[in-house]
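Trainee:
Chains as they are written, first to last, in my numbering: chain D, 18 to 714; chain E, 26 to 630.
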């Protein structure tokens, strides 16, 4: 056997692939970036694995696991390059996918040119089977097998590459879906058949069908990609295990990801939220808003009680998915967002982005429009001479020219225009943060803003202050922080048992207990097959409840987890529901009947924790890290001489008084006047705000 | 006698507003105002959206939770809308008029934190009886700073028919409990006397009161968040930003209107009937663009109907504002400022401005026709910025009876649109909502789990989209079977007689129909508006209207027609009839050669 073994995380982004390596005990941490290879993403992944192994001085064969956040599914959805899917549904509802919920997107409120995205399956591939269950799951019309064969004939003629089945009320009784799948499996050996009762067994037929279809749409693409990648890994790394990150923030096996491909969409940004939760837990911050600000997108996530928040009402590319996914909100704002003046004279920023090509004007690649990055250069907040690890020099004059154009339209000075650009993009991002927090009934004033990504540190303090948050935190290695999240994920499988709404205080507790036990058995088996010993398995019982007559549930973990569901446990659950309800919606009328809609189980296989490098304790004076000063422009003050620090030179306990800029290879942090950043044990930067006392680091 | 109603222009004369340079706010340094205004705009929209979210999450009826027939606004202390949630355009302008009346009746001294005022009076700015406004004053340091309000369609507020959506009703008194402004909550305490009065008049008090409480929750969230914004920014900044926001929207609208050619254009459309008298009702629009202003004159419309197809003044204004914003500047922040350059002329006692005791429940049959007629009128001056005729109505129906499973009463309200018009460069999006409503459908599984109904079919109707260079959207068909012993079936719809209009050579869309027990010996057509009793196992087939095409069907690319053929959206017979061509029935392609011959023959004939 080998002496020391290592785990590697690979996060594939649009421009760069981030690779992070740690040892089994989680003590070492090495991070690098390599270019993404869009033509064959597996190449980029393997390049990353080898490069980070080289950088760490480790033999490739000593790697025992590669944890992978893939964009393959996301890209197939964006570019609409997924499989040709045949969709089979209950007679009378062929148009289920295209009719959807009929609501136009809210950008289309007054603009009648705006449409919902088209369905993933065109009408001619949507076919009907004669069958029907009633609202209790009883058979009304038995499955007419000839109708399934007729659909199969059509699928054969059209050479479909995958099949999705969604019958009405199959979440209560999958008998017809299973029979139809068996018939189709015989007709199409080797083709992946997705059943709605398997992928998303919950009510609301459109959302369930769409999730199932998306799974079928992505499965062949994921299968091809994962097969290619597994083969390369076997050849180059021997028996190392490949784990795939899911949108629920947990990892899973290749086998599972092939079958449930829809769970891998948006897994990269999910890694960022998991990393934020992990970093929060390490630093005793259980309530965190996680924001990842890159070039084109701003990803917002939530951490409560030290755990990243999961939703079952999410969407990928505006198509709803009814599976548990990390509650992520992605908006078009980033360093590359372009500033423009509308016809009413108002300044707007984004959602259009200069992207990587031509990029902001200051990249000197032909961009002429002012971007957020250009504004930050004009304001002195970014150092033109030290950008992207010194691999790039920014053209400050080009930035100024671009922002001047905006300034003259506004009739103001170039610095004021630059400040305006920063304030408007901040307002946009703040509204996005409000959407995932305030809208979910969460008071952000008790939360820390954890800001990372290349541009995260420059805007963090302003945003957190504006939101009235307690503190802004910029973690170490902000440029590759999402990839660290991949290393700290646990293996995770979600299970659901739909109950079809039963009154909670009249529920048959024995029956509920049997549902939980069945899910627990399945969870244990799946994790054991992936090599997790019993003591490395964590099972969490969750219930979805609502007030009688409402249609939206609140999901909460059972307060009593460690014994069979009894009357006391049910009482505790209902009490917890009342409290959660009150905190979300202002009012809870006591005494109203509560309904149970679903039981869920989260089954996790626990991995070894990762350790971040700890910096030595030093005095509070940051002078040793000081790298001179330059003028930086601030609201209401104009240019102010500002101290510049190098992050690598910082030590635990140092305090950096604003105005200051802290620079590092792929990011920078701005500390405005009147604020002080404290350096944590792992070089995290903590800026208390809004009168909050500095917390312990 | 011509009655003029004009949105008030506040904060200076129109002239002064017009001459302000575009980059400036109201006062102070222009730059910081422009930015602060944007920052506060996002924050206000967020509060409105959050109110809507709370309402949907805590509501009881599927009409709120699934269909989302709601709207939320924030107004200033004078009642002017400064921000609204992304909901239903048809409900929004109503706030304008209701709030004007509310601030006339209640001075600041009459209001306290925790007060909630409700009303549904169609004659003081309301919609119809089923749409209940709830409005709460918001305070900052003891001073009234504005109002938050929401409106939602209720599943029952009493009246002759369960669900309150029967057609063919003569008097408002039969349509349900008509509430003037009433404080249902005083300083945070529900008024049990008022609650008692309401509970006595309605069929499902628990359901309706639950929905009213959801409205109250949403208002409490709204006042709290709005107060927080005032604390954050201070009163002066907030008020200045709100004023700038109104001016900004006004400016955008005026600039957009200035780009339209000056002149007067006219058009009309018809409601099939009023549910009582079998004769059409005319809606006539005369639209004048003059510089940066628009006058929409509806005074040529028919007299008030005997049945309840009358459009309340709020609904009429909403229709006009919707079309103008949509054509002129769809991305201007929708607030009262947008309405300032638009003058709406109506005559009291007409279909677009009824007087009491006229009944109004089926008002959307009229207001959607205002939208349709305005688009036709505007097509004469801005052909690239309009859509062809849409379904032009809203089919709203309610089933009410006793649920055999529970022995308790049930009311299932369902709302359906239909096709939406072809656009200059896009087909109408098949079956999706458009224009005044922005609703969702009720999931079949949600309906069947809640109510004794079975929905057996919900699908497109082939060939129902009007042919054109771009095609009108297909209509929908929905079959609902009653599983209870018997139930009332109230509904109003339209376009069973007058088809959705095509534009510029585009053909009309399919008409609607309501069929009881299709394919059985007792099959019969039902009136589009009415109130009937259904028996167990009766099946109602709703065929909704389609939508008109845009441009000459012969200009439609063959590839697009072939795609429609392959997808079964257009049948071979339909394609040959509507597009003047020959279909190869074997592989469902257009026979190019035969089509060229056919078209040449028809041209020379």
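C-beta atoms are modelled at their ideal positions from N, C-alpha and C, and glycine is treated no differently.
1. At a CB-CB cut-off below 9 Å, which residues of chain D make contact with residue 356 of chain E?
2. What span of residues does the beta strand (DSSP E) with residue 75 of chain D cover, start to end?
3. For residue 230 of chain E and chain D, any beta-carbon pair shorter than 8 Å?
4. From what residue to what residue does the beta strand (DSSP E) around residue 346 of chain D run?
5. Of all the residues that make up the segment 342–367 of chain E, which are near chain D by a beta-carbon distance shorter than 8 Å?
6. Which residues in the same chain have their Cβ closer than 8 Å to the Cβ of residue 507 of chain D, if we skip the five residues on either side of it in sequence?
7. Using the beta-carbon count (16 or more within 10 Å), is residue 302 of chain D buried or exposed?
8. Classify residue 123 of chain D: buried if its beta carbon has 16 or more other beta carbons within 10 angstroms, exposed otherwise.
9. In chain E, which residues lie with their C-beta within 9 Å of the C-beta of residue 567 of chain D?
10. Is there a Cβ from chain D that is less than 8 Å from the Cβ of residue 571 of chain E?
11. Cutting at 7 Å between CB atoms, please list the residues of its own chain near residue 383 of chain E, excluding the five before and the five after it.
12. Going by alpha carbons, who is nearest to residue 401 of chain E out of E/575, E/194, E/586 and E/135?
13. Mapping the DSSP letters down to three states, classify residue 419 of chain E as helix, strand or coil.
14. Alpha carbon to alpha carbon, how far is residue 192 of chain E from residue 244 of chain E? Give it in angstroms, no decimals.
15. Do you know offhand how far residue 337 of chain E's Cα is from residue 385 of chain E's?
16. Which residues of chain E have a Cβ atom closer than 7 Å to the Cβ of residue 17 of chain D, listed in chain order?
17. Can you give the Cα-Cα distance for residue 563 of chain D and residue 291 of chain D, rounded to whole angstroms?
18. For a test of the three-state rule: what should DSSP assign to residue 206 of chain D, helix, strand or coil?
19. For the beta strand (DSSP E) holding residue 161 of chain E, just list the boundary residues, first then last.
20. Can you tell which of D/653, D/131, D/635 and D/644 has the C-alpha that lies nearest to the C-alpha of residue 672 of chain D?
21. Could you pull out every residue in the same chain whose Cβ sits closer than 8 Å to the Cβ of residue 610 of chain E, ignoring the five residues on either side in sequence?
22. From this set, D/160, D/113 and D/146, which residue's C-alpha is nearest residue 140 of chain D's C-alpha?
23. Return helix, strand or coil for residue 569 of chain D, following the three-state DSSP convention.
24. Note down the Cα distance separating residue 112 of chain E from residue 147 of chain E, rounded to an integer number of angstroms.
25. Where does residue 664 of chain D land, buried or exposed, given buried means 16+ other C-beta within 10 angstroms?
26. Using only CA atoms, which one of E/395, E/499 and E/154 lies nearest to residue 445 of chain E?
27. Would you call residue 550 of chain D buried or exposed, if buried means 16 or more other Cβ atoms sit within 10 Å of its Cβ?
28. Are the C-beta of residue 474 of chain E and some C-beta of chain B separated by less than 8 Å?
29. For residue 615 of chain D, which of helix, strand or coil comes out of DSSP?
30. If we require 3 or more residues per run, which beta strand (DSSP E) segments fall completely within the segment 326–399 of chain E?
31. In angstroms, rounded to a whole number, what distance separates the CA positions of residue 624 of chain E and residue 586 of chain E?
32. Examine the Cβ distances between the segment 308–327 of chain D and the segment 345–364 of chain D and report whether three or more of them are shorter than 8 Å.
33. The alpha helix (DSSP H) spanning residue 215 of chain D covers which residue range?
34. Can you pull the chain D residues whose beta carbon is under 9 Å from the beta carbon of residue 466 of chain E, in chain order?
35. Helix, strand or coil: which one does DSSP assign to residue 486 of chain D?
36. Between the alpha carbons of residue 211 of chain D and residue 184 of chain D, how many angstroms are there, rounded?
Mentor: Result, derived from the coordinates:
1. 124, 127, 128 and 359
2. Unbroken run through residue 75 of chain D: none, as it is neither H nor E.
3. no
4. Segment 346–348, the beta strand (DSSP E) holding residue 346 of chain D.
5. 347, 350, 351, 354, 355, 356, 357 and 359
6. 267, 268, 555, 621, 622, 623 and 624
7. Under this definition residue 302 of chain D is a buried residue.
8. exposed
9. 82, 83, 84, 85, 90, 235 and 239
10. no
11. 197, 329 and 335
12. E/575
13. Coil at residue 419 of chain E, not helix or strand.
14. 32 Å
15. 7 Å
16. Given a span of 18 to 714 for chain D in the structure shown, any question on residue 17 of chain D remains unanswerable.
17. 28 Å
18. Residue state, collapsed to three classes: coil.
19. It spans 156–165 - the beta strand (DSSP E) in which residue 161 of chain E sits, taken as one unbroken run.
20. Ranking the options by Cα distance to residue 672 of chain D, first place goes to D/635.
21. 597.
22. D/113
23. coil
24. Roughly 20 Å separates the two Cα atoms.
25. buried
26. E/499
27. exposed
28. The structure shown has no chain B; the protein chains it does contain are D and E.
29. strand
30. If you keep only unbroken beta strand (DSSP E) runs of at least 3 residues inside the segment 326–399 of chain E, you get 367–371.
31. 16 Å
32. Judged by pairs of C-beta atoms under 8 Å, the segment 308–327 of chain D touches the segment 345–364 of chain D, as three or more such pairs exist.
33. 213–216
34. 116, 117, 118, 119, 120 and 223
35. coil
36. For residue 211 of chain D and residue 184 of chain D, the gap between their C-alpha atoms comes out near 12 Å.
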